[in-house]
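Chemist: Protein chains in written order, with numbering that gives the first Met the number 0: chain A, 0 to 145; chain B, 0 to 145; chain C, 0 to 145; chain D, 0 to 145; chain E, 0 to 145; chain F, 0 to 145. Cβ coordinates follow ideal geometry from the N, Cα and C atoms, glycine included.
Number of protein chains: 6
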Amino acid sequence: MTDKTQAERREAGKDVLRSLRGGDIDADATAEAMEANLGPLGSYVIDFGLGDVWTRPGLPRRERSLIVITMLTTLNQLNQLRSHVGGGLNHGLTRIEIEEVFVQLAGYAGFPRAIDGMNTAREAFLEAEGVEELLPSPPAARKSDD
Amino acid sequence: MTDKTQAERREAGKDVLRSLRGGDIDADATAEAMEANLGPLGSYVIDFGLGDVWTRPGLPRRERSLIVITMLTTLNQLNQLRSHVGGGLNHGLTRIEIEEVFVQLAGYAGFPRAIDGMNTAREAFLEAEGVEELLPSPPAARKSDD
Amino acid sequence: MTDKTQAERREAGKDVLRSLRGGDIDADATAEAMEANLGPLGSYVIDFGLGDVWTRPGLPRRERSLIVITMLTTLNQLNQLRSHVGGGLNHGLTRIEIEEVFVQLAGYAGFPRAIDGMNTAREAFLEAEGVEELLPSPPAARKSDD
Amino acid sequence: MTDKTQAERREAGKDVLRSLRGGDIDADATAEAMEANLGPLGSYVIDFGLGDVWTRPGLPRRERSLIVITMLTTLNQLNQLRSHVGGGLNHGLTRIEIEEVFVQLAGYAGFPRAIDGMNTAREAFLEAEGVEELLPSPPAARKSDD
Amino acid sequence: MTDKTQAERREAGKDVLRSLRGGDIDADATAEAMEANLGPLGSYVIDFGLGDVWTRPGLPRRERSLIVITMLTTLNQLNQLRSHVGGGLNHGLTRIEIEEVFVQLAGYAGFPRAIDGMNTAREAFLEAEGVEELLPSPPAARKSDD
Amino acid sequence: MTDKTQAERREAGKDVLRSLRGGDIDADATAEAMEANLGPLGSYVIDFGLGDVWTRPGLPRRERSLIVITMLTTLNQLNQLRSHVGGGLNHGLTRIEIEEVFVQLAGYAGFPRAIDGMNTAREAFLEAEGVEELLPSPPAARKSDD
Numbered sequence: 000m001t002d003k004t005q006a007e008r009r010e011a012g013k014d015v016l017r018s019l020r021g022g023d024i025d026a027d028a029t030a031e032a033m034e035a036n037l038g039p040l041g042s043y044v045i046d047f048g049l050g051d052v053w054t055r056p057g058l059p060r061r062e063r064s065l066i067v068i069t070m071l072t073t074l075n076q077l078n079q080l081r082s083h084v085g086g087g088l089n090h091g092l093t094r095i096e097i098e099e100v101f102v103q104l105a106g107y108a109g110f111p112r113a114i115d116g117m118n119t120a121r122e123a124f125l126e127a128e129g130v131e132e133l134l135p136s137p138p139a140a141r142k143s144d145d
Numbered sequence: 000m001t002d003k004t005q006a007e008r009r010e011a012g013k014d015v016l017r018s019l020r021g022g023d024i025d026a027d028a029t030a031e032a033m034e035a036n037l038g039p040l041g042s043y044v045i046d047f048g049l050g051d052v053w054t055r056p057g058l059p060r061r062e063r064s065l066i067v068i069t070m071l072t073t074l075n076q077l078n079q080l081r082s083h084v085g086g087g088l089n090h091g092l093t094r095i096e097i098e099e100v101f102v103q104l105a106g107y108a109g110f111p112r113a114i115d116g117m118n119t120a121r122e123a124f125l126e127a128e129g130v131e132e133l134l135p136s137p138p139a140a141r142k143s144d145d
Numbered sequence: 000m001t002d003k004t005q006a007e008r009r010e011a012g013k014d015v016l017r018s019l020r021g022g023d024i025d026a027d028a029t030a031e032a033m034e035a036n037l038g039p040l041g042s043y044v045i046d047f048g049l050g051d052v053w054t055r056p057g058l059p060r061r062e063r064s065l066i067v068i069t070m071l072t073t074l075n076q077l078n079q080l081r082s083h084v085g086g087g088l089n090h091g092l093t094r095i096e097i098e099e100v101f102v103q104l105a106g107y108a109g110f111p112r113a114i115d116g117m118n119t120a121r122e123a124f125l126e127a128e129g130v131e132e133l134l135p136s137p138p139a140a141r142k143s144d145d
Numbered sequence: 000m001t002d003k004t005q006a007e008r009r010e011a012g013k014d015v016l017r018s019l020r021g022g023d024i025d026a027d028a029t030a031e032a033m034e035a036n037l038g039p040l041g042s043y044v045i046d047f048g049l050g051d052v053w054t055r056p057g058l059p060r061r062e063r064s065l066i067v068i069t070m071l072t073t074l075n076q077l078n079q080l081r082s083h084v085g086g087g088l089n090h091g092l093t094r095i096e097i098e099e100v101f102v103q104l105a106g107y108a109g110f111p112r113a114i115d116g117m118n119t120a121r122e123a124f125l126e127a128e129g130v131e132e133l134l135p136s137p138p139a140a141r142k143s144d145d
Numbered sequence: 000m001t002d003k004t005q006a007e008r009r010e011a012g013k014d015v016l017r018s019l020r021g022g023d024i025d026a027d028a029t030a031e032a033m034e035a036n037l038g039p040l041g042s043y044v045i046d047f048g049l050g051d052v053w054t055r056p057g058l059p060r061r062e063r064s065l066i067v068i069t070m071l072t073t074l075n076q077l078n079q080l081r082s083h084v085g086g087g088l089n090h091g092l093t094r095i096e097i098e099e100v101f102v103q104l105a106g107y108a109g110f111p112r113a114i115d116g117m118n119t120a121r122e123a124f125l126e127a128e129g130v131e132e133l134l135p136s137p138p139a140a141r142k143s144d145d
Numbered sequence: 000m001t002d003k004t005q006a007e008r009r010e011a012g013k014d015v016l017r018s019l020r021g022g023d024i025d026a027d028a029t030a031e032a033m034e035a036n037l038g039p040l041g042s043y044v045i046d047f048g049l050g051d052v053w054t055r056p057g058l059p060r061r062e063r064s065l066i067v068i069t070m071l072t073t074l075n076q077l078n079q080l081r082s083h084v085g086g087g088l089n090h091g092l093t094r095i096e097i098e099e100v101f102v103q104l105a106g107y108a109g110f111p112r113a114i115d116g117m118n119t120a121r122e123a124f125l126e127a128e129g130v131e132e133l134l135p136s137p138p139a140a141r142k143s144d145d
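1. In chain order, what residues of the region 5-29 of chain A put their CB closer than 7 angstroms to some CB of chain F?
2. Would you give the residue range spanned by the alpha helix (DSSP H) that G87 (chain B) belongs to?
3. Could you tell me which of C:A6, C:E31, C:G41, C:A108 sits nearest to G116 (chain F), measuring between CA atoms?
4. Run down chain C in chain order and give the residues with a C-beta less than 9 angstroms from the C-beta of V102 (chain F).
5. The alpha helix (DSSP H) spanning G41 (chain B) covers which residue range?
6. Using 8 angstroms as the limit for Cβ to Cβ distance, is D145 (chain F) near chain C?
7. Where does G106 (chain C) fall in DSSP's three states?
8. Can you give me the C-alpha to C-alpha distance between E10 (chain B) and S136 (chain C), rounded to a whole angstrom?
9. For L37 (chain A), tell me which candidate among E:A35, E:Q5, E:N89, E:E122 has the shortest Cα-Cα distance.
10. With 8 angstroms set as the bound, which would you pick, yes or no: does the beta-carbon of E122 (chain F) sit closer than that to a beta-carbon of chain D?
11. How big is the Cα-Cα spacing for A35 (chain A) and V102 (chain E)?
12. What distance in whole Å lies between the Cβ atoms of L65 (chain C) and E62 (chain B), which are believed to be in contact at a cut-off of 8 angstroms?
13. Within this structure, are the beta carbons of L125 (chain F) and L134 (chain F) separated by less than 8 angstroms?
14. Per DSSP, what kind of secondary structure is T1 (chain E) in: helix, strand or coil?
15. Whose C-beta lies closer than 8 angstroms to the C-beta of A146 (chain F) among residues of the same chain, with five residues either side of it excluded?
16. Rounding to the nearest angstrom, what Cα-Cα distance links Y43 (chain C) and A139 (chain F) in this structure?
17. Please confirm if L71 (chain E) has its CB atom under 8 angstroms from at least one CB of chain B.
18. Report the neighbours of Q116 (chain B) on chain F: residues whose CB is nearer than 9 angstroms to its CB, in chain order.
19. Consult DSSP for S18 (chain F) and reduce its assignment to one of helix, strand or coil.
20. Can you give the Cα-Cα distance for A127 (chain E) and G48 (chain F), rounded to whole angstroms?
21. Which bits of chain F does F47 (chain E) rub up against, with CB to CB less than 9 angstroms?
22. Please state if the CB of T54 (chain B) and the CB of V15 (chain B) are separated by a distance shorter than 8 angstroms.
23. Please return the same chain residues whose Cβ sits closer than 6 angstroms to the Cβ of G87 (chain E), not counting the five positions on each side in sequence.
24. On the premise that N118 (chain B) lies in contact with G21 (chain B), defined as a C-beta separation below 8 angstroms, what is that separation, rounded to the nearest angstrom?
25. Does the CB of G57 (chain E) have a neighbour CB from chain F at under 8 angstroms?
26. Between I24 (chain F) and the rest of its own chain, which residues show a CB-CB distance below 8 angstroms, the 5 nearest in sequence each way excluded?
27. Anything in chain A within Cβ reach of V52 (chain D), meaning under 8 angstroms, just list it in chain order.
28. Where does P111 (chain D) fall in DSSP's three states?
29. Give the interface partners of P111 (chain D) over in chain E, defined as CB-CB distance under 8 angstroms, in chain order.
30. Spell out whether any CB of chain F is found under 8 angstroms from the CB atom of L74 (chain C).
31. Quick one: using the 10 Å Cβ neighbour count with 16 as the cut-off for buried, is P39 (chain D) buried or exposed?
32. So, at 7 angstroms on beta carbons, what are the nonlocal neighbours of L77 (chain A) in its own chain, with the 5 sequence-adjacent residues on each side left out?
33. Under the assumption that E99 (chain E) contacts L58 (chain F) (Cβ atoms under 8 angstroms), give the Cβ distance between them as a whole number of angstroms.
34. Helix, strand or coil for L125 (chain D) per DSSP?
Laid out in structure tokens, this is it:
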């Protein structure tokens, strides 16, 4: 197995920035902005968090996004969650799958955390779909009243 | 004891919506909006959270409000806390009693959580009382300076 | 209103130790042991936590116990919870009421926290009742199977 | 869509108990024990948590296990985590995939939570594999020293 | 050792208000405002939190600020953190030292908490330095690309 | 500034292991054991956590230990706290200074977390001092009763 030089770790991190943000982002500019805003924390996010961890084999990026969306909701870190909902869509998760995370989460981390997550994700979906209103998700299965 | 059909659980949930929000709310419209906004999470809030749990015997709604206000403050879930402070007033808690929750909480969950709770409750009291300024609560007992 | 001297705060704290622990505890010895084990933290628990806060008017001790049991379960502080379940029984809460806290908590702080709380409380009930086995609590209402 | 009667929800919950615990468990006995130990909480775990949520379409059980393992580690609920690591293996996750959750988690919820999770999972793997020692997982990629 | 009367504790608390906020603040007015806004919580903050604890020997105020900045970031209490970053600067911490807390925190409490802390501190630095833009902190050490 | 190769980061990490654990530990064996037990997590702890972060200029190791002890107590991670109390003593913190962290913490993260921290630290002090009983710390200042 090879270890990576810092330059290689930086390139790996920028590859994850591209897959998370989709499209044709300027990964160099994004990385520079992160370091300008966050100083050493920015460097470690790109080289360690994205470059070392996100690129590991063992789980595909789609499943890593599922895990990160779960953690950020449990921790009530809504700014970062909003960004990672977009990342999850770019990694192949569907809107239904992402909403299902919050439904699964309610019994384990509580409905307040789950509701905050669902509301945050709805904002991210609006942004991703470029619309002003989302079609509502179907409610839990219900038959017509007796 | 009988178990409830989903229709009965839904009715029970709407009864709790009415007691929490007071007055003459349109509980059907409220329930529909919750499901439109939160999808399956909305259904489970109404049927399980409100319908199954809040209507249980064993503790009256006034004491369930005390417990929920305590949890939401400990978890720093301030949006939901604001709503449940109003619910607590509708369930028979006084302003003094609700403020006393935050005083009791400070030593157990820390003053930062308690202060956030007190500030949030103050906003809810203003809303409930329809005034622009609250009469201040008495400070902790103090005698005049020596 | 008068403020209390440290001696008065200490006496108030010992009064709460007596009501929490019930029976004929030696409150002086208990307070000394807390200070021996916890140093300055022990002093502040007795004088501030118990003496200043628990003795306040506004909420009776039975309801303060409800609030503290809720917080300790939300924070997963099971050692202190076990002790405060006993304190709650001494302050007039019934076993059914205490178990109802955990049922109310499950949807807000999650079932894992609630289950830990229920298991901890069961141990405290056994201790308080001096028995080796508890009568089970009734499950949630269920009708006989179709 | 049909809503389920409590009896149907109970059957769905027992189906999830079987898939989580694998093998030929007596799901009726397990459900009864949960209700005997946890009272109403036990009923809600089986009917709501397992019966309503875990059986939903939208995400397969293998991915629900990924999400639950993530939440329990973030919340430091190690007893339940240990059980759900076994459930994850029964739902088709591999040991490598489960360990990868903790690696992904370290940067988001901190290394202490991640390390507790990894240690707990190791105990569950030993139990599942019926051995006294695990083959170590490969460390992060490293080349021989310069 | 002497215990303090409430008047002495109040004076000690106001001394800490002065050192936290720097300059020539009117500590009496500040204390009155805190009690007007927070009722009994405000009294306990000044007398217990500031008067009893912050003035203790054993650790200087500069190190107490390090500890409090760490706690508020771990708890994601960003309003109070912003205020205590200013307090830390007034107690002799440098901008570099305060930023280093967030770098140290990332691996223990997770990068999301650390990033929120760094962003909050940047706002406080701007306020303290009276400028519209901060000079960026140096990123983690990096050599020029190969 | 130069970036470090993985070998250099590994050496830096082992230097921190030595300063944390004191004495003449075999840092190579310790590092190997961490990787054997924790797989990739172990590698990242040594190379990133210890090698990259702990060795940074900006704050001395004595103050990094103050910060880490604070975080682990706030997060209720008592196993790692016990180890880092020993590390703090090796980095030049005194017993009184470490206990003062828990006193400072009580008002911010709550007395339950603080008490767990104090109890954990007491066990670590016993271990470090090689005695069976600790001299008690002085309680908070108190004058003789009136």
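Modeler: In this structure, then:
1. Q5
2. 77-89
3. C:G41
4. G38, P39, L40, Y43
5. 39-43
6. Any answer about D145 (chain F) is weak, because its pLDDT of 32 lies below 50 and its placement is not dependable; what the coordinates show is given next. Closer than 8 angstroms: yes.
7. helix
8. 26 angstroms
9. E:E122
10. no
11. 15 angstroms
12. 6 angstroms
13. no
14. Bear in mind that the predicted position of T1 (chain E) carries a pLDDT of just 45, short of 50, making it too unreliable to give a figure here.
15. Outside the shown range of chain F, which is 0 to 145, sits residue 146 (chain F), and nothing can be said about it.
16. 7 angstroms
17. yes
18. Reading the sequence as shown, one finds Gly at residue 116 (chain B) and not Gln. Correct list: empty, because the minimum Cβ distance to chain F is about 13 angstroms.
19. helix
20. 31 angstroms
21. G106
22. yes
23. S64, I68, I97
24. Not quite, the Cβ-Cβ distance comes to about 23 angstroms (not below 8 angstroms), so this is no contact.
25. yes
26. L16, R17
27. V102, Q103, A105, G106
28. helix
29. Y107
30. yes
31. buried
32. D115, T119
33. 5 angstroms
34. helix
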